[in-house]
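Number of protein chains: 2
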Amino acid sequence: MVQRRNTRQRTLVAEAVSALHTHPSANDVYAYVHERDPHVSLGTVYRNLNLLAEEGKILEVHTPGGSHYDFRTDDHDHVVCTHCGSVADAGVSRHRSIDDDVEVNTGYRVTGHFTVFEGVCPACQAKQAAQAS
Amino acid sequence: MVQRRNTRQRTLVAEAVSALHTHPSANDVYAYVHERDPHVSLGTVYRNLNLLAEEGKILEVHTPGGSHYDFRTDDHDHVVCTHCGSVADAGVSRHRSIDDDVEVNTGYRVTGHFTVFEGVCPACQAKQAAQAS
DNA sequence: ATACCTGCAAACTATTTGCACTTGA
DNA sequence: TCAAGTGCAAATAGTTTGCAGGTAT
Chain A
20 MVQRRNTRQR TLVAEAVSAL HTHPSANDVY AYVHERDPHV SLGTVYRNLN
70 LLAEEGKILE VHTPGGSHYD FRTDDHDHVV CTHCGSVADA GVSRHRSIDD
120 DVEVNTGYRV TGHFTVFEGV CPACQAKQAA QAS
Chain B
20 MVQRRNTRQR TLVAEAVSAL HTHPSANDVY AYVHERDPHV SLGTVYRNLN
70 LLAEEGKILE VHTPGGSHYD FRTDDHDHVV CTHCGSVADA GVSRHRSIDD
120 DVEVNTGYRV TGHFTVFEGV CPACQAKQAA QAS
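Protein sequences, first through last, are from chains A and B.
Numbers in my numbering are just positions in the first sequence, counted from 1, shifted up by 19.
Numbers in my numbering are just positions in the second sequence, counted from 1, shifted up by 19.
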């Protein structure tokens, strides 16, 4: 077991993810943190996001275009906008875990899975409608 | 409708994805193509992979660490190895599309979704077992 | 003929890392 | 004390793009 310390920076990063319920990117978290402590570096933000995700204290959401972070740590799926990259909870309840089936089929030792829906968010739909005049 | 041409390069890229049934990355495709025509550039490989995927002639598989390409164009899910990045078909049949539910829940105009399972491939499992001596 | 396409190299985005210094326990 | 953590800048990986010249139709 590795010994972990409670640093000011780590606390700030955790606080950012808790406060921002918008599925922030690493950069969004950096902006929040940087506002409160301009000395914190982006590298440190990444290091702490990875640590917190590893510990299961936050959830990492993989999307094309980069990772986002979620204060909700229960398994749930997400939608990502193919135009602006915004992320939202999918709001569908998860079907039974099929991880075991995949394990049998492929020989991979399966540790989990994630589903990402792709679409266009309401804001970008409005923008498109405005353009199509 | 854009006019598309049949170039030697585009044919080679399509051929590579058809021939390689290993869910190749852009680099793998580049290696295959480069072997038959050393003048073809990586940029061209990317441009053609994107075009072919857009046309639905090949499937783009998003994984953490980069895209992979699949000659199978029917909707199906994948497993990715968290150690070496190898990709395989998950081999599970897809549950009914819940895209519409997500659309209702979120307001996003949903165009599709993809599920990626994470795990450790048989080869990497063997490597781990050998180390743990 | 002329749009589409290509090679090449540079640019870009997201993320990681080496190193010397700081700091929590 | 001293290993874990940090800041900074440089490095890396994956992918895109501007431009000048090439080529399919």
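Even for Gly, the Cβ is constructed at its ideal location relative to N, Cα and C.
This structure is a prediction, so every number in the text was calculated from the model and none was measured.
Where the beta strand (DSSP E) through E79 (chain B) begins and ends = E79 (chain B) -> beta strand (DSSP E) spans L78 to T82.
How would you write the range of the beta strand (DSSP E) that T130 (chain A) sits in, first residue to last?
-> T130 (chain A) -> beta strand (DSSP E) spans R128 to V139.
Within chain B, the residues that N69 (chain A) reaches when beta carbons sit closer than 7 Å = Result: empty, since nearest Cβ-Cβ is about 12 Å, beyond 7 Å.
Any C-beta of chain B sitting closer than 8 Å to the C-beta of A107 (chain A)?
-> So yes, A107 (chain A) belongs to the interface.
State the CB to CB distance for the pair R91 (chain B) and L78 (chain B), rounded to an integer number of angstroms; the pair is presumed to be in contact (CB under 8 Å).
-> Under the criterion of beta carbons closer than 8 Å, R91 (chain B) and L78 (chain B) qualify as touching, at roughly 6 Å.
Taking 8 Å as the CB-CB cut-off, is G131 (chain B) touching chain A?
-> For G131 (chain B), the answer is yes, since a Cβ of chain A falls inside 8 Å of its Cβ.
Indicate whether at least one CB of chain B lies closer than 8 Å to the CB of R29 (chain A).
-> For R29 (chain A), the answer is no, since every Cβ of chain B falls outside 8 Å of its Cβ.
Indicate whether V52 (chain B) and V59 (chain B) have their beta-carbon atoms separated by less than 8 Å.
-> Here V52 (chain B) is near V59 (chain B), since their CB atoms are less than 8 Å apart.
For D108 (chain A), name the three-state secondary structure that DSSP assigns.
-> Residue state, collapsed to three classes: strand.
Taking buried to mean at least 16 other C-beta atoms within 10 Å of its own C-beta, is V111 (chain B) buried or exposed?
-> Buried is the label assigned to V111 (chain B), since at least 16 other Cβ atoms lie within 10 Å of its Cβ.
Should Y127 (chain B) be flagged as near chain A, meaning a C-beta pair shorter than 8 Å?
-> For Y127 (chain B), the answer is yes, since a Cβ of chain A falls inside 8 Å of its Cβ.
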